[in-house]
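Numbering (UniProt numbering), first residue to last: 1 to 879. Cβ atoms here follow ideal geometry from the backbone N, Cα and C, with glycine treated the same way. These numbers were taken from a predicted model, which means no experiment stands behind them. Structure first, commentary second.
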């Protein structure tokens, strides 16, 4: 195959991805190899690829491709989540645009529209992942509401109900008025909000004309007040004990009760108690036998029970009632106040605490199982800091509200019926099973038409918590061969924001149904932010379209750009210039290969320079491989990429190829050429997990390959890094320093690279074995051992060894002095700018490690150049 002069990412990526698919190279079936299993965190079926997906799936693909190359049977299972609230909202909006209300159609009709939406949008994000190079076994694609997964969910619900772990009851829940459904505690996000504190006047019945003052952020709830509460130990409010007050505007008499729950320091120390609309008020209501008045409709408007403002939105009423209270002389004052407001994680509107009949899962049983394996590091968290987050949640676990007032989702398998005028229900996997249960339990025969199934569906997370088991049909067929082979999975890659929603619950389900962990390791990615540290979002307009980035920089370039800025668990400050750096690296690899393949070969004996270079680079490869193994074992993936990046760019391209490169038009000896091709192949193997497309393209060009062969199935086999390797690398590092210093002298003295120089080693030459490399790389005609330095020499030190280069009359001293002083001034200004940046704590804390490292390298290089210039200027002034 002819190699193009320029790398064309579009042509290469589409060609090789199709080749991988055609040859079923992502496919996995159980065999004798060690399995390496990863299940994709299923993105919402309605979603499109965003930067968070890009990061998460790039990391997964790197791990899966590396495992494949280690000879493991890598199985990466893709899939999507039905996303009850998000999808239902999209379908409702679409219907509204057609003039159709959800309430005007039947459940089955609505579900028909929802399935249409899913078929239309469901595959988009998975197709987009192919552009990234994701090596998923697409034949295994699962959906949380496909038949297999749906049967699993219903089976688990029935099992947990029969075990007494699922119950139905009236509880205070978090209500989302926009989605009109209950939420779990984990779906409530608390946001700081600038609000108002309203001081309301409640007239004391027993002392007309006197008022008790209550401070509240929610005056719109006074219609639901059924008591006022004071702390029995509060001397300033002792006068209210045993009395009654009148709710302002409402004119309802309510008792003053006493409870040490009340914070004496907050507001006036008087608390209005609204049992239907606050969890703490609800608990007070139970304790003190108070009435409960629910003043809100499901959509957040005021209900008939309130008797005032009926049908108006709760937020509009807040403004209106504040004005009405003021007009009535019942508002003492209004203050600015900052408080935390619970908002729906899905719709972003403030939630309403609401008494509601819901289904709950008892969680203590699961917490007791799921805490020890993480705390004891049987399941490893990377980074470990998330163990504390996990522990805190499990130690303060609350029962999980698993029912949702939605139609799109797994319908709760509870069937209601009447027996002797009483409403009863059974929980069953099917209508047939329900009828059998009724016959057995109540000794009566009913028909299907006499049953009504629960209208609610299950929380989306109730299906995804089974994901590592259900993708291998482990609930429906518990001992199947695939589950036994692939479970537990190897690693989960996910964001820390769903540690409670998903990670903890999968661990719970794993121990409940498989008596084993669902995964051995959890790698938590950070949140992708822009270079200013802001979270990427559509509203800010700071989130690039991943597909546009791939179009511009190529998938390999974008993958590299993401990973250069992505240390585990830390937020990623994404900078598009890193993708540009990735594209430039692609070009570097391409051009290096074209250079090598452009050489002709000869049968001549291998020169000493080449023999040393080959031996040294073999050592460098073994050293890098050892580092890679260590870093991957610790999931320090961005650092692993930097190891390969530097190995290729700095060591292979900048040094090794220069060491062996034949003079223009001359051939290279065959032994060195073959070694170089093997080195290049090894480098491609090291790079493949990070940059799959260009590595496949060039691997196919190195030697003739058979159809179906791929670099992704090639093992990387290198000997262990040895003490001898380490010694040789140290020696060559010093050789490189000698060459660098000679080049610096040429630059400082303005001596052309074409002019051959002579190098003097003072007293002894400890690097005589490498003279051939030094002479070639620094263009020397001779290396001479001398006892003392001659006049007109440029000097430099490597450790304790002193070197001199006679420059004689090659230098115009006055011109050189002016040039060097100008260079010094420029460099000092440049260094000051870098030092200012590095002294900025915010920059150090937020910038990607690769960027900080680059700035530190610039500072070090500048300092070395300044020191050398100052020494040279001092010498020139003495002449």
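### Query
DSSP on residue 782, reduced to helix/strand/coil?
Here DSSP, grouped into helix, strand and coil, assigns residue 782 to strand.
### Closest Cα partner of residue 714 within the set 870, 41, 456, 65
Closest by alpha carbon: 65.
### Query
Which residue's Cα is closest to the Cα of residue 3: 589, 605, 292?
With respect to the C-alpha of residue 3, the residue from 589, 605, 292 having the closest C-alpha is 589.
### Ranges of the alpha helix (DSSP H) found wholly within the segment 724-809, counting only runs of at least 4
Qualifying alpha helix (DSSP H) stretches, in chain order: 771-778.
### Query
To which residues does DSSP link residue 176 through a beta bridge?
For residue 176, the pairing in a beta bridge is given by DSSP as 181.
### Query
Roughly how many angstroms separate the alpha carbons of residue 581 and residue 557, rounded to a whole number?
When only Cα atoms are considered, residue 581 and residue 557 end up about 7 Å apart.
### Message
Tell me the rounded alpha-carbon separation between residue 679 and residue 653.
### Response
Spanning the two alpha carbons is a distance of roughly 11 Å.
### Query
Helix or strand or just coil, what does DSSP make of residue 83?
Residue 83 falls in the coil class under three-state DSSP.
### Task
Compute the distance between the beta-carbons of residue 453 and residue 411, then report whether it is under 8 Å.
Using a Cβ distance threshold of 8 Å, residue 453 and residue 411 count as a contacting pair.
### Message
For residue 150, which residues in the same chain have their Cβ closer than 7 Å to its Cβ, ignoring the five residues on either side in sequence?
### Response
Cβ-Cβ distances below 7 Å link residue 150 to 410 in the same chain, with the five nearest sequence neighbours on each side left out; the list follows chain order.
### Task
Classify residue 664 as buried or exposed, calling it buried when 16 or more other Cβ atoms lie within 10 Å of its own Cβ.
Exposed, since its Cβ has fewer than 16 Cβ neighbours within 10 Å.
### Task
Pull up the DSSP beta-bridge partners for residue 359, would you.
DSSP output for residue 359 lists 168 as bridge partner(s).
### Query
Is it true that the CB of residue 200 sits closer than 8 Å to the CB of residue 330?
For residue 330 and residue 200, yes; Cβs fall inside 8 Å.
### Task
Mind checking which residues open and close the alpha helix (DSSP H) that includes residue 869?
Note, residue 869: alpha helix (DSSP H), 849-878.
### Message
For the segment 206-214 against the segment 243-255, do three or more pairs of beta-carbon atoms, one drawn from each stretch, fall closer than 8 Å, so that the two count as touching?
### Response
Cβ pair count under 8 Å is three or more, so yes.
### Message
According to DSSP, simplified to helix, strand and coil, what is residue 882?
### Response
One cannot answer for residue 882 here, as it falls past the ends of the chain, which runs 1 to 879.
### Query
With 16 other CB atoms within 10 Å as the buried threshold, where does residue 784 fall?
The residue is exposed, with fewer than 16 neighbouring Cβ atoms inside 10 Å.
### Query
Taking the alpha carbon of residue 872 as the point to measure from, which residue in 805, 855, 221 has its own alpha carbon closest?
Among 805, 855, 221, the Cα nearest to that of residue 872 belongs to 805.
### Task
Take residue 94 and list the residues in its own chain whose beta-carbon comes closer than 8 Å to its own, dropping the five residues that flank it on each side.
Taking residue 94 as the centre and dropping the five residues before and after it, the same chain places the C-beta of 113, 117 closer than 8 Å to its C-beta, in chain order.
### Query
Residue range of the alpha helix (DSSP H) that residue 432 falls in?
Per DSSP, the unbroken alpha helix (DSSP H) holding residue 432 starts and ends at 431-442.
### Message
Quick check: what's the CA-CA separation for residue 686 versus residue 692?
### Response
When rounded, the distance between both Cα atoms is 10 Å.
### Query
If you drop the 5 nearest sequence neighbours on each side, which residues of the same chain put their C-beta closer than 8 Å to that of residue 682?
If we look at residue 682 and ignore the five residues flanking it on each side, its Cβ neighbours are 621, 716, 718.
### Message
Going by DSSP, what residue range makes up the alpha helix (DSSP H) through residue 645?
### Response
Residue range 637-646 is occupied by the alpha helix (DSSP H) that includes residue 645.
### Query
Apart from the five residues on each side of it in sequence, which residues of its chain come closer than 7 Å, Cβ to Cβ, to residue 763?
Cβ within range, chain order: 787.
### Query
From which residue to which residue does the alpha helix (DSSP H) around residue 14 run?
Counting along the chain, residue 14 sits inside the alpha helix (DSSP H) bounded by residues 9-22.
### Task
Check the C-beta distance from residue 345 over to residue 188 and give it rounded, since I have them as a contact under 8 Å.
Right, their Cβ atoms sit about 7 Å apart.
### Task
Specify, as a first and last residue, the run of the alpha helix (DSSP H) that residue 115 falls within.
According to the DSSP assignment, residue 115 belongs to the alpha helix (DSSP H) that extends over 107-121.
### Task
Report the three-state DSSP secondary structure of residue 845 (helix, strand or coil).
The answer is helix: DSSP assigns residue 845 an H, G or I state.
### Query
What residue from 466, 135, 711 has the CA that sits closest to residue 506's CA?
Comparing Cα-Cα distances from residue 506 to each of 466, 135, 711, the minimum goes to 466.
### Message
Given a cut-off of 8 Å on the beta-carbon distance, is the pair residue 174 and residue 183 in contact?
### Response
Against a cut-off of 8 Å, the Cβ pair of residue 183 and residue 174 comes out as a contact.
### Message
the ligand ATP and residue 80: does any heavy atom of the ligand fall closer than 7 Å to the residue's C-beta?
### Response
What this structure holds is no ligand at all, so the ligand ATP is not there to describe.
### Task
Tell me, please, whether the segment 641-651 touches the segment 390-407 by the rule of three or more beta-carbon pairs shorter than 8 Å.
The segment 641-651, when compared against the segment 390-407, does not touch it at the 8 Å Cβ threshold.
### Message
In the DSSP output, what is residue 53 paired with across the bridge?
### Response
In DSSP, residue 53 forms no bridge with anything.
### Query
Contact between the segment 728-735 and the segment 608-626: three or more CB pairs below 8 Å?
Verdict: yes, contact present.
### Task
Go ahead and pull the three-state DSSP assignment for residue 224.
Three-state DSSP puts residue 224 in a helix.
#### Entry: Contact under 8 Å by Cβ, residue 269 with residue 225
Residue 269 places its beta carbon 8 Å or farther from that of residue 225.
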